[in-house]
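All remarks here apply to the structure that follows.
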Amino acid sequence: MERVPEGVDPTKPNTARVYNYLLGGKDNYAVDQAVAHRMLLAAPDSRTMAWFSRKFLAQAVTTAAVAGVRQFIDLGAGIPTTPSVHEVAKEVDPAARVVSVDYDPVVFAHANAMLAGVPGVTPMLADVRRPEELLERLEHEELIDFTQPVAILCVGVLHFVMDHEHPAEIVAHFREAMAPGSYLAFTHGCDNTHRDFVDMANSDTAGSPAQFILRPRDEVASYFKGFEMLEPGLVTVQQWLGDDLPATRLVILGGVCRKP
Numbered sequence: 065m066e067r068v069p070e071g072v073d074p075t076k077p078n079t080a081r082v083y084n085y086l087l088g089g090k091d092n093y094a095v096d097q098a099v100a101h102r103m104l105l106a107a108p109d110s111r112t113m114a115w116f117s118r119k120f121l122a123q124a125v126t127t128a129a130v131a132g133v134r135q136f137i138d139l140g141a142g143i144p145t146t147p148s149v150h151e152v153a154k155e156v157d158p159a160a161r162v163v164s165v166d167y168d169p170v171v172f173a174h175a176n177a178m179l180a181g182v183p184g185v186t187p188m189l190a191d192v193r194r195p196e197e198l199l200e201r202l203e204h205e206e207l208i209d210f211t212q213p214v215a216i217l218c219v220g221v222l223h224f225v226m227d228h229e230h231p232a233e234i235v236a237h238f239r240e241a242m243a244p245g246s247y248l249a250f251t252h253g254c255d256n257t258h259r260d261f262v263d264m265a266n267s268d269t270a271g272s273p274a275q276f277i278l279r280p281r282d283e284v285a286s287y288f289k290g291f292e293m294l295e296p297g298l299v300t301v302q303q304w305l306g307d308d309l310p311a312t313r314l315v316i317l318g319g320v321c322r323k324p
């Protein structure tokens, strides 16, 4: 019989585990696989989009690291997958520090096991929807020096924050804590995603930790007032990667911005 970590409900789909399955990982349950299969049925290119998002994350880390940033906060980090944030950052500077944040105890358990002994990498069990608590811990535990530039990675996170959980305010909390010269990279599902995918996903994930909300581009852009958006701006992940990549039914916007 498969053992399930304390606090985990294997009957409800989980975002990190669905994503892990799409990327070819093994750290997931049957319910996560079922959701992934239905995603692929509605949008066969969902697995491709998962890889595009991963490539976007890696390029965003490189952008910040080349600009001189040496500390990274990976929000909603998910189950460690190569190339990971710390692997990319340490290619630029082996002394780079990474805090890998997720609120899922399964993710935290895997991160602790897989990242044990990696210098400068700290897994943290925390919820991005409680930014004040998270920021206080990062500072109190001396994991991040907020007087120096930091890169905050919010990839595949904000569309899981419901309207009543105030995503714009969450971003504002992080912006206020960041020193000038800091970077924030993010992705967000867009409301012009194919209707079949939206209907299927809403049906399968309602009331679960994997429930999400797709938003218009202008609304997403409004969350990042006070930042300077790097070129090419807030565009689809494919456009941001700039490799003449094909469009997908699941439309994900991406952006990298800098605090002046």
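For reference, each letter of the sequence shown is one residue, going 65 to 324 in the working numbering. Glycine is no exception: its CB is placed at the ideal position from the N, C-alpha and C atoms. Just so we're clear, the structure is a prediction, and the values are computed from it rather than from any experiment.
Which residues bound the alpha helix (DSSP H) around residue i?
i: His252; result: It is not in any alpha helix (DSSP H) - His252 instead sits in the beta strand (DSSP E) that spans 247-253.
i: Met178; result: 169-179
i: Ala311; result: From DSSP, Ala311 is part of no alpha helix (DSSP H); its letter is neither H nor E.
i: Leu207; result: Looking at the DSSP string, Leu207 is not in any alpha helix (DSSP H), and its letter there is neither H nor E.
i: Leu156; result: The sequence as given places Val at residue 156; Leu does not occur at that position. Where Val156 is concerned, the enclosing alpha helix (DSSP H) stretches over 149-156.
Name the DSSP beta bridge partners of residue i, please?
i: Arg322; result: Tyr247, Glu292
i: Val299; result: Gly318
State the CB to CB distance for the pair residue i and residue j, rounded to an integer number of angstroms; the pair is presumed to be in contact (CB under 8 Å).
i: Leu294; j: Cys321; result: 6 Å
i: Ala285; j: Leu298; result: 5 Å
i: Val301; j: Ser117; result: 6 Å
i: Gly290; j: Arg239; result: 5 Å
i: Ala80; j: Val171; result: 5 Å
i: His237; j: Pro183; result: Actually they do not touch by this definition, with Cβ atoms about 29 Å apart.
i: Leu198; j: Val165; result: 7 Å
i: Ala190; j: Tyr167; result: 6 Å
What residue range is occupied by the uninterrupted beta strand (DSSP E) comprising residue i?
i: Phe136; result: 135-139
i: Thr127; result: Note, Thr127: premise wrong, no beta strand (DSSP E); alpha helix (DSSP H) at 110-130.
i: Pro187; result: 185-189
For residue i, tell me which candidate among the options has the shortest Cα-Cα distance.
i: Ile234; options: Phe261, Leu139, Ala177; result: Leu139
i: Met178; options: Gly306, Thr146, Gly319, Val99; result: Thr146
i: Gln275; options: Asp282, Met264, Arg281, Glu283; result: Met264
i: Thr287; options: Val125, Ala190, Leu198, His223; result: Looking at the sequence provided, one finds Tyr at residue 287 rather than Thr. Nearest of Val125, Ala190, Leu198, His223 to Tyr287, Cα basis: His223.
i: Leu217; options: Thr126, Ala236, Phe250, Arg279; result: Phe250
i: Ser110; options: Thr127, Val95, Leu86; result: Leu86
i: Thr112; options: Gln135, Gly88, Ala124; result: Gly88
i: Asp282; options: Phe210, Gly318, Leu121; result: Gly318
i: Pro158; options: Asp209, Pro195, Met242, Thr126; result: Thr126
i: Asp260; options: Pro213, Leu314, Thr211; result: Leu314
i: Glu229; options: Val156, Val152, Val192; result: Val192
i: Leu248; options: Lys76, Gln97, Asp168, Pro324; result: Pro324
i: Gln212; options: Ala122, Asp308, Val219, Ala131; result: Ala131
i: Gly245; options: Phe120, Asn92, Ala114, Arg134; result: Arg134
i: Glu155; options: Val221, Ala129, Met188; result: Ala129
i: Met242; options: Leu202, Tyr93, Gln97, Ala122; result: Leu202
i: Asp209; options: Ile137, Met188, His150, Ile277; result: Ile137
So what does DSSP say about residue i, is it helix, strand or coil?
i: Ser164; result: strand
i: Arg239; result: helix
i: Ala215; result: strand
i: Arg259; result: helix
i: Met65; result: A caution first: Met65 carries a pLDDT of 33, below 50, which makes its placement in the model too unreliable to give a value.
i: Arg279; result: strand
i: Asp227; result: helix
i: Thr79; result: helix
i: Pro195; result: helix
i: Asn266; result: helix
i: Asn92; result: coil
i: Ile234; result: helix
i: Glu70; result: Any answer about Glu70 is weak, because its pLDDT of 47 lies below 50 and its placement is not dependable; what the coordinates show is given next. In the structure shown, Glu70 sits in coil (DSSP, three-state: anything other than H, G, I, E or B).
i: Val182; result: coil
i: Tyr85; result: helix
i: Val284; result: helix
i: Val99; result: helix
Closer than 7 Å: is that where the CB of residue i sits relative to any heavy atom of the ligand FMN?
i: Arg201; result: In the structure on display, the ligand FMN does not appear, and there are no ligands present to speak of.
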